[in-house]
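Chemist: Here you go, one structure.
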Amino acid sequence: MSIPEKKLKNGFSLPEFGIGTWGMGGKGHRNYLNDDKVDVAAIRAAIELGVTCIDTAEMYAGGHAEELVGRAIQGFDRSSLRIITKVFVNHLSYDDTLSACKASLKRVGTEYFDMYLLHGYVADVPLTETMRAMDTLKAEGLIRNIGVANFGADHLAEAQALTENRIVYDQVHYNLEFREPERKGLLEYCQANDVLLAAWRPVQKGALLENPPGIVLEMCKKYQKTPAQIAINWLISQDNVITLAKSSSVEHLKDNLGAVGWRMEPEDIERLRSEYPDQRDVSDAVPLG
Ligand SMILES: NC(=O)c1ccc[n+]([C@@H]2O[C@H](COP(=O)([O-])OP(=O)(O)OC[C@H]3O[C@@H](n4cnc5c(N)ncnc54)[C@H](OP(=O)(O)O)[C@@H]3O)[C@@H](O)[C@H]2O)c1
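What follows is the structure, encoded as C-alpha cells:
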C-alpha cells in the first residue's frame with residue numbers, strides 16, 4: 620500500500636504514518652536478551668507493507684535501535700525511505716551534535732538522515748549553539764531536514780529564529796488521552812506556521828486499546844474500524860498532524876495501517892476531542908519543554 624503524505628505549504632512532506640523504534644533492542648540501554656531478529660523482521664515487514672518513514676534515536680537501546688534499523692533497511696532502496704533520528708539532550712553542544720550525528724550515521728549505515736531532531740529542549744546549552752551545528756550538518760549534506768522533539772511553541776519559535784533553515788517538524792506526545800499539544804497551543808502554532816506535528820505514542824503503548832470508552836466504540840461501529848485505527852486516524856485526520864507507532868508485532872502493524880488513507884468526519888474529530896474521558900493536560904513521559 621502507499622501511505623499518503625502530508626505536504627506543508629513550503630513543499631516539505633512526510634507520510635502520515637511511520638514506524639517507531641522505542642523499545643526495539645532495549646530501552647535506555649541495549650538489552651542483550653532482546654530478540655533482535657523479531658525487531659529487524661518487524662521493520663522489514665513494515666517496509667514491505669508500504670511504510671517508508673522510520674523513527675529512531677541515538678538514545679534508544681543505547682544506539683542499538685539505530686543498528687537494528689541499519690540491518691532492517693539492507694537491500695531496500697535507501698532513496699525511498701525517510702529515516703529520522705535524534706541527538707540526545709546530553710550532546711547538544713556544537714561539537715557533540717556533529718559527533719553524535721556522525722556516530723548515528725555509522726550505526727544506521729547511511730550517508731544521510733532525512734530528518735535530524737533535537738530530542739528535547741534543555742536550558743543548559745545555548746540553543747544558538749545547537750542550531751548552528753544543525754545548520755552545519757545540513758550544509759554538509761549529512762541531514763536533509765531539521766526538526767525538534769518535545770518543544771513547546773515558544774522554544775520552537777526560538778529555534779526557528781536561530782537557524783538559516785526551516786524547522787519543519789516537532790515530534791511530541793499526543794493522543795486521545797494526552798492533550799498537551801492542544802492545551803499549550805502547540806498544535807495551533809504548527810498549523811499556523813507550516814510545521815508538521817508528529818504525534819508519538821499514538822496508542823499510548825497499547826493502553827488506549829484495552830478498554831476503549833463508549834465514544835471510541837461508537838466510532839469503531841460507524842467507520843467499521845478497530846480502536847487502534849480510530850485512535851490513529853483521529854490524529855492524522857487533523858491538519859498538520861502525522862504519527863509514528865511502534866510495533867514489533869506484524870499483526871499490530873497491519874491493524875495500525877488500517878488507520879491510513881481515510882479521514883474521519885470533522886464533527887467526529889471534535890466529538891472525540893471533547894468527549895473522550897479522563898484526558899490529561901500534560902505528558903506523563905516527556906512534557907513539552
Ligand atoms: N521524541 C520522543 O521523545 C519520543 C518519545 C516516545 C516515543 N517516540 C517515538 O514514537 C514511537 C511511538 O511511540 P511508542 O512506541 O512510545 O508508543 P506506541 O506506538 O503508542 O505503542 C507501542 C506499543 O503498543 C503496542 N501496539 C502498537 N500497535 C498496537 C495495536 N494495534 N494493538 C495492540 N498493541 C499495539 C506495541 O506492541 P508490539 O511492539 O508488541 O507490537 C508496543 O508495545 C516510538 O517508538 C518512538 O519512535 C518519541
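Using the working numbering, read the sequence shown as starting at 620 and increasing by one per residue.
Even for Gly, the Cβ is constructed at its ideal location relative to N, Cα and C.
Keep in mind that this is a model prediction, so the values were computed, not measured.
Q857 to E667, Cα distance in whole Å?
Modeler: 27 Å
Chemist: How about the region 701-718 and the region 670-681: do they share at least three Cβ pairs that are nearer than 8 Å?
Modeler: yes
Chemist: For P896 and L781, I'd like the C-alpha separation in whole angstroms.
Modeler: 40 Å
Chemist: Please report the straight-line C-alpha distance between A864 and F636, rounded to a whole angstrom.
Modeler: Taking the straight line joining both Cα atoms gives about 8 Å.
Chemist: Between the C-alpha atoms of V910 and V767, what's the straight-line distance to the nearest angstrom?
Modeler: Since the first residue of the chain shown is 620 and the last is 908, residue 910 is not available in this structure.
Chemist: Using only alpha-carbon positions, find the residue among P800, M643, D874 and A778 that is nearest to V901.
Modeler: Comparing Cα positions, the closest option is P800.
Chemist: Y793 and A776: beta carbons closer than 9 Å?
Modeler: No, the Cβ-Cβ distance between Y793 and A776 is not below 9 Å.
Chemist: Is W881 near ligand 1, going by C-beta to nearest heavy atom under 8 Å?
Modeler: no
Chemist: Alpha carbon to alpha carbon, what distance is there between L736 and T749?
Modeler: A direct Cα-to-Cα measurement between T749 and L736 gives close to 11 Å.
Chemist: From V727 to Y651, what does the alpha carbon distance come to, in whole angstroms?
Modeler: Distance from the CA of V727 to the CA of Y651, rounded to the nearest whole angstrom, comes to 19 Å.
Chemist: Would you say the beta carbon of G647 is closer than 8 Å to some non-hydrogen atom of ligand 1?
Modeler: Checking every heavy atom of ligand 1 against the Cβ of G647, none is found closer than 8 Å.
Chemist: In three-state DSSP terms, what is Q790?
Modeler: strand
Chemist: Do you know how far the Cα of Y731 is from the Cα of I786?
Modeler: 17 Å
Chemist: Comparing C-alpha positions only, which one of Q693, V670 and D733 sits nearest to R701?
Modeler: D733
Chemist: My understanding is that R899 touches R798, with C-beta atoms under 8 Å, so please give their C-beta distance in whole angstroms.
Modeler: 7 Å
Chemist: Quick check: what's the CA-CA separation for L828 versus I662?
Modeler: 22 Å
Chemist: Would you report the Cα separation of P623 and V879, rounded to the nearest angstrom?
Modeler: 7 Å
Chemist: Starting from the C-beta of D655, find all residues in its chain whose C-beta is less than 7 Å away, skip the five residues before and the five after it, and write them out in chain order.
Modeler: G644 and L687
Chemist: I'd like to confirm the pairing. Which residues does DSSP put opposite L907 in its beta bridges?
Modeler: Paired residue(s): none; L907 is not in a bridge.
Chemist: Determine the burial state of Q848: buried for a count of at least 16 other Cβ atoms within 10 Å of its Cβ, exposed for fewer.
Modeler: Q848 comes out buried.
Chemist: Going by alpha carbons, who is nearest to I638 out of T671, M620 and K625?
Modeler: Comparing Cα-Cα distances from I638 to each of T671, M620 and K625, the minimum goes to T671.
Chemist: Ligand 3 heavy atoms versus the CB of S723: any closer than 8 Å?
Modeler: Annotation note on ligand 3: not contained in the displayed structure, which lists ligand 1 as its ligands.
Chemist: I'd like to check one pair, A904 with R566: are the Cβ atoms closer than 9 Å?
Modeler: The question about residue 566 has no answer, for the chain in this structure spans 620 to 908.
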